[in-house]
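Structure record follows, encoded as structure tokens.
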Amino acid sequence: MSKSTSAPVAKKVSKKSDAVEVTPVAAVAAPVKKAVAKPAAAAPVAAAPVASSVAVEAAPVEQKTVEQEISGLITTFQQQRDSAVAAIKKLQQLQKRYNKDVKEAGRRKRRSNKAADENGVPKEKRPTIFTTPVTLKDPLCTFLGKPKGSQMTPADVTRAFSAYVDLKKLKDAEKGHTIHPDEAMRKVLGVAADEVLTYRNIQSYLYKLYVLPEKKKPATQ
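The numbering used here runs 2 ahead of the 1-based position in the sequence shown.
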């Protein structure tokens with residue numbers, strides 16, 4: 003019997019040049035991306051609570067009667083009338099005040115015109131009986147504490163009596179012009195008990211106590 007001989011298996015040797023170089027997966031590094039900082043998200047704003055609408059029932063309108071409406075109108079017109087009357091009174095007061103101021107301004111202007119001449123030079127005041135010294139009678143001198151035969155102007159005598167009234171508190175509290183003379187004042191002035199003495203008629207009593215100069219009689223032709 004013939005022995006079967008197996009053909010020799012040739013071993014294939016691969017060259018290094020033919021071998022494929024395999025790179026390990028772990029060795030290949032993936033490209034690193036730069037982390038970009040994102041802006042922080044704004045905190046959520048809490049929404050204001052919306053009040054729930056509540057249905058309000060309208061109040062019933064009160065119906066007025068005709069009589070009530072008439073009464074209300076009368077009241078309104080009365081108030082308007084009172085306001086108009088008050089305004090008219092105020093205007094009348096202002097008108098009186100205005101007229102008084104105008105008159106006083108006219109008097110001051112006339113006095114200034116009389117007191118100065120055409121060139122504006124002040125004129126000398128003419129002496130009057132009220133500013134001219136006169137001789138006092140003895141009873142008046144004694145009352146005023148002056149020597150007998152003293153002379154004073156009627157204006158100064160009037161001031162002396164006014165000071166006496168204020169000192170003795172002889173002026174009426176309610177009627178400012180009325181004087182309640184005491185015994186000494188009543189005696190020197192010759193005021194009777196039933197006569198009323200005031201600042202307006204006291205001059206008529208005082209002039210009896212002056213020695214006035216005699217009036218010149220007109221020359222007869």
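In this text, a Cβ means the ideal position worked out from N, Cα and C, and glycines have one as well.
### Message
Does LEU214 come out as helix, strand or coil in the three-state DSSP assignment?
### Response
In the structure shown, the three-state DSSP call for LEU214 is coil.
### Task
Measure from the alpha carbon of GLU145 to the alpha carbon of each residue in LEU208, LEU214 and ARG99, then state which is nearest.
Reading off the sequence shown, one finds Phe at residue 145, where the question assumed Glu. For the options LEU208, LEU214 and ARG99, the alpha carbon positioned closest to that of PHE145 is the one of LEU208.
### In chain order, each alpha helix (DSSP H) run of at least 4 residues that lies wholly inside the region 175–201
Within the region 175–201, the complete alpha helix (DSSP H) runs of at least 4 residues are 185–191.
### Task
Report, in whole angstroms, the separation of the C-beta atoms of LEU169 and ILE181, which I expect to be a contact under 8 angstroms.
About 13 angstroms; that fails the 8 angstroms criterion.
### Task
Determine, using beta carbons only, whether GLN153 and PRO135 come nearer to each other than 8 angstroms.
Less than 8 angstroms divides the Cβ of GLN153 from the Cβ of PRO135.
### Query
Considering only the beta carbon of each residue, do LYS139 and LEU211 sit closer than 8 angstroms?
With respect to the 8 angstroms criterion, LYS139 and LEU211 are classified as neighbours on the basis of their beta carbons.
### Query
Of the choices ARG161, PRO183 and THR160, whose alpha-carbon is the least far from that of LYS171?
When ARG161, PRO183 and THR160 are compared, the shortest CA-CA separation from LYS171 is found for PRO183.
### Three-way DSSP call (helix, strand, coil) for THR137 in this model
Reduced to three states, the DSSP call for THR137 is strand.
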